[in-house]
Every structure is written in C-alpha cells, then in structure tokens.
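Heads up: the structure comes next, in structure tokens.
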Ligand code: AMP
Ligand code: GLY
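Residue numbers (the working numbering): 751 to 1175.
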C-alpha cells in the first residue's frame, strides 16, 4: 500500500519538501495544507491553515493520512505533534515540549550548560535593572554583548550590541516596551562570539540520528551582509569551512549530546535538528537551535538528498531511525531568493512574474510567495521565488544560477548578487 502524506506549510521550504516527497516510489498521495500555487503540480493543496489544529486533525483522520510532515515552527509550538500523537497519527516533528529547543532560549541555554555543550557564556534575567548592570560589566571593558528575548520574536529578538546604549535600548524594547510580548519576560545576555556562521541539519527519532548536511544562509538583505535581516536571501550547501574534522566535532560535541540530553530530560527530540553554529577559534559553539527545516536552506538540502526521503521521515516519526541510512549527492547546491522591492520592509504584491518558461530544465524553482491567475504567476509575498541549481563546482555553479536568475523578472524584483561567494575565498 502506498503512503498518504500530508505536508503542512506554504513557503519555499515546503515547496522543496513537496518536490522531494513527490519523487518517493512509495507515495500514493500527497496533500499540502495550505500549500502554494507552485506546488500544485506536485500535490493537492487544501485550504486549511498551517495553525488550524482541529482542521488539520480532522483532515488527517478522514483522509487516513499515514504520515504528516510539519514545515513551519508555529504548529509545532502549538503542539500539533502532541495532538496528532494522541489520535494515533504518525507525524514528523518535535512535541511542543521538545520544540522549546527553538521556542525558548532560556531553556536551551540552560540545557547546553547542564550538559557541557559548547555555547556562548550567558546569564538569564527576569528583571530589567539587574540585566542592565550585567551589560555594563561587558561594555565597560569595550566588549560587544548580545541581548536575546527568551521566546520567538520573528527573528527580531536578538541584538548584537556594540556598546552600552545599544544593548540598553534592546533591553527596553524587549522587557519594558514588550515589543515581543511574553517572549520578553526573560532575557539571555550573552558573550559575543566571533567567526563564521554555519548551519547543520540532522534528523532524530528521539534517540538515534542521521546527519544531513551543512549549509550557509545569507540573512541580510543586501550584498556583503549589509542591511536589515530577512528570512534568508539565499543559501548553499557544504560551505568549505565545514571540514570533515569540524563535522566530527559538531556531531560529537553538539548533535549527539543534545539528542541524548533531551532524552535524559524526558523530552526526547524527534524531527529536524537545525543547529545554528558559530565556528570560533576554539571550535563550534551553538548560537541557536531550530526545531524545523530552514528556509531557504531546505531549498538546497532537498536536491542533495539522493535517498527516498519518505522512509527517512517516517522512521524518525516512529523511532526507527537506526534502520535507516541516507545517501547524499556529491558536490553542492545553491539557491538565490528573488524578493519583492522593499522587502523586508513594506512591499507591493500582484506583479506578474515573467521568464519562468525560459529556464534550463536542470534549474529548480521553488515558490515562496506567489499567486496564480490564468496560467500566469504573480508576486504575493516578500520572498517570491528561489532559483536553485545543483552541481560539482561552486564557481561555475554561481555563474550558472545567476544566468538563470537573469531570465526571470517582475517589477521591483531584487536579489543578492553574492550568494555563495563566501565559499570561494
Ligand atoms: P539566534 O536567533 O540566537 O541564532 O541569533 C540570531 C543571529 O544573531 C545569529 O544568527 C547570529 O548572527 C547573531 N548572534 C546570536 N548570538 C550571538 C553571539 N553570542 N555572538 C555573536 N552573534 C550572535
Ligand atoms: N534561514 C533561517 C531559518 O530558517 O530560520
């Protein structure tokens, strides 16, 4: 019997997941809730919101879904894995308690400290004045300091502050003005780390894990990492800084110990473990964990996975990952995000996207924010599309992907022109 699969989410990450899942020889039917117009040729999109717990549950029960795959963090934090589990449904992703690895920086920092997993030195504060005093001990000696809201803050709850004033303002925003609501009830004040940032992705079933790949995101909106942070303007796999030796350190010092720590704490972690790491002079240190696949990292990870992904996700959800191996492609993969003019600030929607029919057959397009009318696609979000290519050599891959980018246009389209360049130095 083939597998009936429900994929939750609607972004570029989910389009990439749908593309990979749709290739599975054991798939019978793939649904996406709510999905996006780019995914329609791969699956049936059903108009249920990604955080409509009851709607998703009744759909999964009614359609006899064999496996649900959760893309974004919101339903995880809301406890969709717990809910589906209570109804005997198989679902890939961590429980709400385990998703605190992403949802609470205080939880994660305390766990890392307890189990001696490398991370920046830190203190937790519930009150603003002691936090301000603590900041001074760093800034008075000319050191930068990092202020982090405990909870999720749409990527805006972390400030790397160069001086006291900047750090103090960040504290006010988080704890006094409550810009992120309850996410700012506690703050983490931590030492500023220096080095290159790398992400590493593994899949865990609660006790076993399978390593996927390393990747580098490009968070700032403009070239050379200038301008405000975005959801991610591009990514590529296997950054050269992520050597074999570093990989061994990452799995031995971070991935394996954190999975073991979560199990020991009675909150086994099942799902994607996305480790955000700073590669410092003294080795890798954890900046953060995410409890889901990255966006746009998934757009470069999926084309690099040679094995059928469905048995892998199902085995993780069922605690049987020890029976699984994953085969990866050689070389690398790159993704350039095409964004609406103005993003990550205000932007317009409804611009016609041209050139999609002139692309090379080996180019992958993953939709993030589009709409469809009379067979044409229009912009419908900040991040609109990802242009993706896989290949062996980074230099020629960069040239190739940008040739393809040139073929696509919409009014006010903008993108970074330096994705993957860090891999060349
Ligand atoms: P986080 O959500 O904790 O990963 O923080 C978001 C971003 O802030 C990271 O991707 C880093 O660029 C930066 N950051 C966080 N913590 C630190 C730190 N201790 N030192 C330097 N940069 C940091
Ligand atoms: N690309 C960053 C993220 O998915 O959080």
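Cβ atoms here follow ideal geometry from the backbone N, Cα and C, with glycine treated the same way.
- In the displayed model, residue 884 falls within a helix according to three-state DSSP.
- According to the DSSP assignment, residue 965 belongs to the beta strand (DSSP E) that extends over 959 to 967.
- With contacts defined by Cβ atoms closer than 9 Å, residue 821 and residue 1133 do not form a contacting pair.
- Counting every other CB atom within 10 Å of its CB across the protein chains shown gives residue 1092 a total below 16, marking it as exposed.
- Residue environment analysis places residue 1124 among the exposed positions, since fewer than 16 neighbouring C-beta atoms fall within 10 angstroms of its C-beta.
- For a cut-off of 8 Å, the C-beta gap from residue 939 to residue 881 is around 6 Å, short enough to register as a contact.
- By a beta-carbon distance limit of 8 Å, residue 1113 does not contact residue 986. Their separation comes to about 15 Å.
- Between residue 853 and residue 902, the beta carbon gap of about 6 Å places them in contact (Cβ cut-off 8 Å).
- Note: residue 1028 is bridge-paired with 947 and 1035 in the DSSP secondary-structure output.
- By the 16-neighbour rule on beta-carbons within 10 angstroms, residue 974 is exposed.
- With contacts defined as CB atoms closer than 9 Å, residue 1008 and residue 843 fail to qualify as a contacting pair.
- For residue 986, the beta-bridge partners assigned by DSSP are 966 and 1084.
- In this structure, the beta-carbon distance from residue 944 to residue 1028 falls below 9 Å.
- Classified as buried, residue 925 has 16 or more neighbouring CB atoms from the shown chains inside 10 Å of its CB.
- In this structure the stretch 905 to 920 does not touch the stretch 858 to 867; the number of beta carbon pairs closer than 8 Å is below three.
- According to DSSP, residue 1117 shares a beta bridge with 1135.
- A residue is called buried once 16 or more other Cβ atoms fall within 10 Å of its Cβ, and residue 897 is buried on that count.
- Relative to the non-hydrogen atoms of ligand 2, the Cβ of residue 969 comes within a distance shorter than 8 Å of at least one.
- Within 10 angstroms of the beta-carbon of residue 1117 lie 16 or more other beta-carbons, which makes it buried.
- For the beta strand (DSSP E) assignment, the uninterrupted runs of no fewer than 3 residues enclosed by the stretch 787 to 827 are, from N- to C-terminal side, 817 to 820.
- Cβ-Cβ distances below 7 Å link residue 1161 to 1101 in the same chain, with the five nearest sequence neighbours on each side left out; the list follows chain order.
- Taking 9 Å as the cut-off, the beta carbon of residue 786 is found closer than this to the beta carbon of residue 1120.
- Closest by C-alpha distance to residue 989, out of 797, 1038, 976 and 1172, is 1172.
- Between residue 813 and residue 756, the gap from beta carbon to beta carbon is short of 9 Å.
- By the C-beta density criterion, residue 1175 is exposed, having fewer than 16 other C-beta atoms within 10 angstroms.
- Take residue 1168, set aside five residues on each side of it, and the residues of its chain with a beta-carbon closer than 6 Å to its own are 973, in chain order.
- At least one heavy atom of ligand 2 lies closer than 8 Å to the C-beta of residue 1040.
- Secondary structure note for residue 914: its alpha helix (DSSP H) is the uninterrupted segment 914 to 921.
- Residue burial is scored here from C-beta neighbours: residue 751 has fewer than 16 other C-beta atoms within 10 angstroms and is therefore classed as exposed.
- Residue 1152 carries a helical assignment under DSSP once its states are collapsed to helix, strand and coil.
- The three-state reading of DSSP puts residue 871 in coil, since its state is none of H, G, I, E or B.
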